[in-house]
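Residue numbers (this note's numbering): 2 to 159.
Glycine included, each C-beta is placed from N, C-alpha and C at the ideal position.
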Amino acid sequence: ENGASWKWFFRGLSQMTPDASDLLVSRFGAAMVLNVYQVDQNEFEVKDETMKYVVDLEKRHCTCNVFDIDKIPCIHAIAAAKYIKRDENRYVGTSHLTETWAKAYAKSIHPGGELSTSTYPANIDELSCPSPATKKRSGRPPTKRKRSVGEFGVPGSK
Numbered sequence: 002e003n004g005a006s007w008k009w010f011f012r013g014l015s016q017m018t019p020d021a022s023d024l025l026v027s028r029f030g031a032a033m034v035l036n037v038y039q040v041d042q043n044e045f046e047v048k049d050e051t052m053k054y055v056v057d058l059e060k061r062h063c064t065c066n067v068f069d070i071d072k073i074p075c076i077h078a079i080a081a082a083k084y085i086k087r088d089e090n091r092y093v094g095t096s097h098l099t100e101t102w103a104k105a106y107a108k109s110i111h112p113g114g115e116l117s118t119s120t121y122p123a124n125i126d127e128l129s130c131p132s133p134a135t136k137k138r139s140g141r142p143p144t145k146r147k148r149s150v151g152e153f154g155v156p157g158s159k
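(1) Is it a yes or a no for the segment 68–87 touching the segment 31–41, going by three-plus beta-carbon pairs under 8 angstroms?
(2) Once you ignore the five residues that flank residue 84 on each side, which residues in its own chain have a CB closer than 6 angstroms to its CB?
(3) Below 7 angstroms CB to CB, which residues in the same chain sit around residue 81 once its five sequence neighbours on both sides are set aside?
(4) Tell me the residue span of the alpha helix (DSSP H) that contains residue 23.
(5) Whose C-beta lies closer than 8 angstroms to the C-beta of residue 88 among residues of the same chain, with five residues either side of it excluded?
(6) So, with DSSP's three-state summary, where would you put residue 62?
(7) Tell me which same chain residues have a C-beta within less than 8 angstroms of the C-beta of residue 17, skipping the five on either side of it?
(8) Which first and last residues belong to the beta strand (DSSP E) in which residue 83 is found?
(9) Assign residue 106 to buried or exposed, taking buried as 16 or more other Cβ atoms, counted over all protein chains shown, within 10 Å of its Cβ.
(10) Per DSSP, what kind of secondary structure is residue 88 in: helix, strand or coil?
(11) Looking at the strands, I want to know which residues DSSP matches up with residue 42.
(12) If we ignore side chains and look at the alpha-carbon of each, how far apart do residue 1 and residue 150 end up?
(13) With DSSP collapsed to three states, give me the class of residue 67.
Laid out in structure tokens, this is it:
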């Protein structure tokens with residue numbers, strides 16, 4: 002069997018949400034071709050063909066600002082983590098962890114009660130919601146609908 006058929010299984014074992022995991026995996030290939038130079042214990046200079054970036058793994062910061070905004074390691078942070086043989090998953094922000102999402106939805110939300118026992122104001126029957134005023138358009142109404150943007154005609158029709 003190929004590795005792709007097991008992807009669903011390993012996704013369930015991940016501590017990250019599926020979107021965060023997919024994003025991290027998509028960045029991994031580009032990170033492996035970057036040149037990394039260690040400045041100190043947690044700070045690195047990462048170079049590609051044209052630019053150089055400074056990554057601080059402890060502060061979870063990179064000068065490209067992708068790491069700061071996404072809270073998921075950018076290609077430079079992944080390269081730096083791999084350089085010192087650390088798991089890049091440990092630098093993913095807590096908002097992208099399945100545990101955080103599970104806690105957010107842990108408590109049940111109960112509805113207000115039975116509709117049959119609910120009370121309504123006495124004047125509810127008197128209230129009305131009239132339809133908006135519209136003008137009748139002049140001329141003959143169109144017989145064919147207008148096509149939407151990106152919609153193509155069926156062959157053989159006008």
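Taking the definition as stated:
(1) Contact between the segment 68–87 and the segment 31–41 is present, with at least three C-beta pairs closer than 8 angstroms.
(2) Non-local C-beta neighbours of residue 84 in its own chain, meaning closer than 6 angstroms and more than five positions away in sequence, comprise 37, ordered along the chain.
(3) Sequence-distant partners of residue 81 (beyond 5 residues in either direction) whose C-beta falls short of 7 angstroms from its own C-beta, in its chain, are 37, 45, 47, 56 and 58.
(4) Residue 23: member of the alpha helix (DSSP H) spanning 19–32, first to last residue.
(5) Within the same chain, and ignoring the five residues on either side of residue 88 in sequence, the residues whose Cβ sits closer than 8 angstroms to its Cβ are 82.
(6) In the structure shown, residue 62 sits in a strand (DSSP, three-state: E or B).
(7) Cβ within range, chain order: 25, 90, 93, 97, 98 and 99.
(8) Here residue 83 belongs to no beta strand (DSSP E); instead the alpha helix (DSSP H) covers 76–84.
(9) So residue 106 ends up on the exposed side.
(10) Coil.
(11) Residue 42 is not bridged to any residue.
(12) Residue coverage of the chain in this structure runs from 2 to 159, which leaves residue 1 outside it and unanswerable.
(13) DSSP, read as helix, strand or coil, puts residue 67 in helix.
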